[in-house]
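In what follows, a structure is listed as structure tokens, so that the remarks can point back to it.
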Amino acid sequence: MQTHNLGYPRIGSNRELKKACEQYWSGKISLTELLSKGKNISEHNWKLQQEAGIDLIPSNDFSYYDQILDMSLTVGAIPKRYNQVALKSNNEMDLYFAMARGYQKEGLDITAMEMTKWLDTNYHYIVPEFYKNQEFKLFSNKIVNEFVSAKRLGINSKPVIIGPVSYLLLGKEKEEGFDKLDLVKRLLPVYVEILTELKAHGAEWIQFDEPFLALDINAQAKEAYQYVYVELKKKFPLLKILVATYFEGLKDNLVLAASLPVHALHIDLVRNPEQLDEVLTAIPGQLILSLGVVDGRNVWKNDFEQSLSIIKKAVAQLGSDRVLIAPSCSLLHSPCDLDLETNDKTLTPEIKQWLAFAKQKIDEVVVLKALASENPDAIALEKLEENKKATASRSTSKLIHNEQIKQRVNAITAKDATRTSPFSIRKKTQQEILQLPIFPTTTIGSFPQTPEVRSWRAQFKKGDITLAEYDTLLKKETEETIRWQEEVGIDVLVHGEFERNDMVEYFGEQLDGFTFTKNGWVQSYGSRCVKPPIIYGDVHRPNAMTVYWTEFAQSLTKSLVKGMLTGPVTILQWSFVRNDQPRPVTCNQIALAIRDEVVDLEKAGIKVIQIDEPAIREGLPLRKAAWQAYLQWAVNAFKISASGVKDGTQIHTHMCYSEFNDIIQNIADMDADVITIECSRSQMELLDAFADFKYPNDIGPGVYDIHSPRVPSKEEMVALLEKAKAVIPAEQLWVNPDCGLKTRHWPETKSALIAMVAAAKELSAKE
Ligand code: GLN
Ligand code: ZN
Numbered sequence: 000m001q002t003h004n005l006g007y008p009r010i011g012s013n014r015e016l017k018k019a020c021e022q023y024w025s026g027k028i029s030l031t032e033l034l035s036k037g038k039n040i041s042e043h044n045w046k047l048q049q050e051a052g053i054d055l056i057p058s059n060d061f062s063y064y065d066q067i068l069d070m071s072l073t074v075g076a077i078p079k080r081y082n083q084v085a086l087k088s089n090n091e092m093d094l095y096f097a098m099a100r101g102y103q104k105e106g107l108d109i110t111a112m113e114m115t116k117w118l119d120t121n122y123h124y125i126v127p128e129f130y131k132n133q134e135f136k137l138f139s140n141k142i143v144n145e146f147v148s149a150k151r152l153g154i155n156s157k158p159v160i161i162g163p164v165s166y167l168l169l170g171k172e173k174e175e176g177f178d179k180l181d182l183v184k185r186l187l188p189v190y191v192e193i194l195t196e197l198k199a200h201g202a203e204w205i206q207f208d209e210p211f212l213a214l215d216i217n218a219q220a221k222e223a224y225q226y227v228y229v230e231l232k233k234k235f236p237l238l239k240i241l242v243a244t245y246f247e248g249l250k251d252n253l254v255l256a257a258s259l260p261v262h263a264l265h266i267d268l269v270r271n272p273e274q275l276d277e278v279l280t281a282i283p284g285q286l287i288l289s290l291g292v293v294d295g296r297n298v299w300k301n302d303f304e305q306s307l308s309i310i311k312k313a314v315a316q317l318g319s320d321r322v323l324i325a326p327s328c329s330l331l332h333s334p335c336d337l338d339l340e341t342n343d344k345t346l347t348p349e350i351k352q353w354l355a356f357a358k359q360k361i362d363e364v365v366v367l368k369a370l371a372s373e374n375p376d377a378i379a380l381e382k383l384e385e386n387k388k389a390t391a392s393r394s395t396s397k398l399i400h401n402e403q404i405k406q407r408v409n410a411i412t413a414k415d416a417t418r419t420s421p422f423s424i425r426k427k428t429q430q431e432i433l434q435l436p437i438f439p440t441t442t443i444g445s446f447p448q449t450p451e452v453r454s455w456r457a458q459f460k461k462g463d464i465t466l467a468e469y470d471t472l473l474k475k476e477t478e479e480t481i482r483w484q485e486e487v488g489i490d491v492l493v494h495g496e497f498e499r500n501d502m503v504e505y506f507g508e509q510l511d512g513f514t515f516t517k518n519g520w521v522q523s524y525g526s527r528c529v530k531p532p533i534i535y536g537d538v539h540r541p542n543a544m545t546v547y548w549t550e551f552a553q554s555l556t557k558s559l560v561k562g563m564l565t566g567p568v569t570i571l572q573w574s575f576v577r578n579d580q581p582r583p584v585t586c587n588q589i590a591l592a593i594r595d596e597v598v599d600l601e602k603a604g605i606k607v608i609q610i611d612e613p614a615i616r617e618g619l620p621l622r623k624a625a626w627q628a629y630l631q632w633a634v635n636a637f638k639i640s641a642s643g644v645k646d647g648t649q650i651h652t653h654m655c656y657s658e659f660n661d662i663i664q665n666i667a668d669m670d671a672d673v674i675t676i677e678c679s680r681s682q683m684e685l686l687d688a689f690a691d692f693k694y695p696n697d698i699g700p701g702v703y704d705i706h707s708p709r710v711p712s713k714e715e716m717v718a719l720l721e722k723a724k725a726v727i728p729a730e731q732l733w734v735n736p737d738c739g740l741k742t743r744h745w746p747e748t749k750s751a752l753i754a755m756v757a758a759a760k761e762l763s764a765k766e
């Protein structure tokens, strides 16, 4: 039995890579320095895994930006628009970063490649671009170079390479007239070249990541899988190829996966433990099975007894020689090192004993192997005892379990998730109370978080200014924002969200059942990292969370001020979630907390309340068969949060995308009085889903893109609104930007909103 790892976090335990890249981009360090810092991280990771006792240590899991972009550079899938960068600069890295981030200097203005979410994670990869006459050729030697570097440290590493079929499926055709999978015959020779070199340098194992083997794929993709791995077997009969799947079960692709002529197959037994029996039955003669038992996507300590029962079952069937033990997926999605959490106040020792980050997960894999052997040593047995204790303490801890909350969730009825009257009646009642004009204007919530606003928060956190001083500063900023919105004539105002660091963290900090880390960073994209809160216990709202600021803002003005909340699904989706109860239960607990807040806002006299749910769509399961079950509980949780108020209180929701075609019924089921969505970048075409469906409630299609500093003209916005009006009845339309304005500066924000209000006025004049 051997252990292996599918990938280690590359940002560095103190975000060294982030800092180094950003310094390089801003010209503060040289390329040599950047490369040396990158090398330090890889070497540190290799040594750490070697010392921990991992048998097969990954290489090429390191990346300066993204592993899929690395592959595009490796196989020479470099879009033509970067030719000039390649000519100008003599190093590969400048070309690489230009592809990742765009290139705006020396008279060139070249856009970056597109970025999108890596399957169902919060990591974003750079989408390969494919053209009809796409050629591939070996362009970068990164994979081999990394292998050689590890070898110098005495490590015969297992290069991790995105498999050819998944690589193509992750990309996008940029021209009509071909299918990306048609390119497989042109792509494979480059893979053959890479493997030839790796073999020449002494590589024994290669890991091909093929996550699409665990997703819904068509017949052409299935054929491609057969073709690729049969060809590779012909060319490299002795190379040990491990095909890695994760985030889902093999399910209907099991027969295909088991038939591939490879040396080992990795399955995710955290996401889909049920597949074990089926896989054990289907797996042929020699194939080695890699058991992904340690959760690479979450922060909880492994339950050794549970993992051992899985391992023992596999060993009984296959023999220990045919079993590998591993994390469920790459540890890229885990924070680096729990040992760095030394502040007992941020993370109490009681909670800390339940957690494991990447470094600890590596140890868990090694201990599991020891425990699964015939005669586990004393140290391993001691660790098993410790592990049992931690598991037991978690299942009974008072910190986690709150009977009252559990009972309240159990007592939720359909009525709790339904507004008193249907929308048509609510709309009339709300109109009487709110007296809004046609084409009412509003914003999505946040106003610019200037360096000053951020510095106040930092000073307050450090103790350099008092709570009273901080409060005064924020009040001044809020008041100015309210006054400005009044002056411009926006109909539904917001307070600006200056007191918030982040739309999830802000709520997590005020809810029971959440904790935070000092250093639990996870890469989101490039040098960007996020530090998700950890939901460890039953969620409960001890005090009102937003009433203070909303009430303050409303006290300043006769205009309507909209209360701003983050919805239960988004809070769930952007946190590390407890694994000792089903996600929908946790989500319902959060929904009740938000519901209480909504009710409190109503009591405080707030008449319009927005519950943001930008993450509802990204929470969709990877397999379509699971969509409806998810949407059912997710939509219901939103409705629980929104349905505690009277007919006259107007509930808004906001989502930062507008690909709603396949879930429009579910969006309608949310029954928000108003939904604001992103639309301007697609020229309102994305509204068609709402139009075709005859979406009944009010809609605010974003009329300008807040992601760019560009100020749109009134005419542009009028044109967009005319387009919207052509497909959605005017009385249903709101006028607002695409998303919150916190990343913008004031000057462009002001100009854009002034033009937006003028556009709304112009349209209403025509009615
Ligand atoms: N209310 C939030 C804001 O304006 C919404 C952010 C989001 O949709 N991601 O910042
Ligand atoms: Zn948004």
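When we follow numbering that gives the first Met the number 0, the leftmost residue of the sequence shown carries the number 0, and every step to the right adds one.
Cβ atoms here follow ideal geometry from the backbone N, Cα and C, with glycine treated the same way.
Review point. When the distance is taken between beta carbons, is residue 8 closer than 7 Å to residue 357?
Key: yes
Practice item. Could you please give me the residues that DSSP links to residue 545 through a beta bridge? Key: Partner(s): none; residue 545 has no beta bridge.
Exercise for review: Verify whether the separation of the beta carbon atoms of residue 72 and residue 138 is less than 7 Å.
Suggested key: yes
Point to revise | Meets three-Cβ-pair contact criterion under 8 Å: the region 478-493 and the region 438-445 | key: yes
**Study point:** Contact between the region 99-115 and the region 598-612 (3+ Cβ pairs under 8 Å)
**Key:** no
Check your understanding: Between 666, 408 and 488, which lies nearest to residue 581 when the distance is taken from Cα to Cα?
Key -> That would be 408, whose Cα lies nearest to the Cα of residue 581.
**Study point:** Per DSSP, cross-strand counterpart(s) of residue 565
**Key:** 611
Check your understanding: Quick one: is the Cβ of residue 741 within less than 6 Å of any heavy atom of the ligand GLN?
Key -> yes
Practice item. Give the straight-line distance between the Cα atoms of residue 106 and residue 195, rounded to the nearest whole angstrom. Key: 41 Å
**Study point:** Identity of the residues DSSP links to residue 124 by a beta bridge
**Key:** According to DSSP, residue 124 bridges with 115.
Practice item. Go through its chain and collect everything with a Cβ distance to residue 530's Cβ below 7 Å, but skip five positions before and after it. Key: 516, 519 and 520, listed in sequence order.
Check your understanding: Which residues in the same chain as residue 367 place their Cβ atom closer than 6 Å to its Cβ, once the five residues preceding and following it in sequence are excluded?
Key -> 306 and 324
Review point. Rounded to the nearest angstrom, how far is the Cβ of residue 657 from that of residue 630, given a contact under 8 Å?
Key: A Cβ-Cβ distance of about 17 Å is found for the pair residue 657 and residue 630, leaving them out of contact under the 8 Å criterion.
**Study point:** Local conformation of residue 508 per DSSP, three classes
**Key:** It is coil, neither helix nor strand.
Check your understanding: What three-state label does DSSP hand residue 104 in the structure shown?
Key -> strand
**Study point:** Alpha carbon of residue 424 to alpha carbon of residue 730, nearest angstrom
**Key:** A straight line joining the alpha-carbon of residue 424 with that of residue 730 spans about 15 Å.
Point to revise | Inter-stretch contact (C-beta, 8 Å, three-pair minimum) for the region 556-570 and the region 276-293 | key: Taking 8 Å as the limit for Cβ pairs, the verdict is that the region 276-293 does not touch the region 556-570.
Point to revise | With 16 other Cβ atoms within 10 Å as the buried cut-off, status of residue 378 | key: exposed
**Study point:** Span separating the alpha-carbon of residue 93 from that of residue 85
**Key:** For residue 93 and residue 85, the distance between alpha carbons rounds to 8 Å.
Exercise for review: Taking only the alpha-carbon atoms, compute the straight-line gap between residue 183 and residue 158 and give it to the nearest angstrom.
Suggested key: As the crow flies, the alpha-carbon of residue 183 is around 21 Å from that of residue 158.
Check your understanding: Do residue 429 and residue 219 have their C-beta atoms closer together than 7 Å?
Key -> Taking C-beta atoms as the reference points, residue 429 and residue 219 fail to come closer than 7 Å.
Practice item. Can you give me the start and stop residues for the alpha helix (DSSP H) that residue 359 sits inside? Key: 357-371
**Study point:** C-alpha gap between residue 211 and residue 271, whole angstroms
**Key:** Distance between the alpha carbons of residue 211 and residue 271 is about 15 Å.
Exercise for review: Alpha carbon to alpha carbon, how far is residue 764 from residue 435? Give it in angstroms, no decimals.
Suggested key: Computed Cα separation, rounded: 15 Å.
Review point. In angstroms, rounded to a whole number, what distance separates the CA positions of residue 710 and residue 689?
Key: 27 Å
Review point. Of the choices 761, 224 and 382, whose alpha-carbon is the least far from that of residue 209?
Key: 224
Exercise for review: May I ask you to check if the CB of residue 678 is nearer than 6 Å to at least one heavy atom of the ligand ZN?
Suggested key: no
**Study point:** From 226, 67, 251 and 78, residue whose alpha carbon lies closest to that of residue 160
**Key:** Per the Cα distances, 67.
Point to revise | Same chain, Cβ closer than 6 Å to residue 204, five either side skipped, listed in chain order | key: Cβ neighbours of residue 204 beyond the five flanking positions: 55, 157 and 239.
Practice item. Compare the C-alpha of residue 712 against each of 698, 679 and 696 and name the closest. Key: 679
Exercise for review: Quick one: residues in its chain with C-beta nearer than 6 Å to the C-beta of residue 446, no 5 flanking neighbours on either side, listed in chain order?
Suggested key: Residues 480, 495 and 740 of the same chain have their beta carbon placed closer than 6 Å to that of residue 446, with the five preceding and five following residues left out of the count.
Check your understanding: Among 488, 174, 669 and 642, which has the Cα closest to the Cα of residue 735?
Key -> 488
Check your understanding: According to the neighbour-count rule (16 or more other Cβ atoms, all chains shown, within 10 Å of its Cβ), is residue 37 buried or exposed?
Key -> buried
Point to revise | Nearest-angstrom Cβ-Cβ length linking residue 63 and residue 95, presumed shorter than 8 Å | key: Confirmed, Cβ separation roughly 7 Å.
Check your understanding: CB of residue 736 to nearest heavy atom of the ligand ZN: below 6 Å?
Key -> no
Practice item. Starting from residue 206, follow its DSSP beta bridges and name the residues at the other end. Key: 159 and 241
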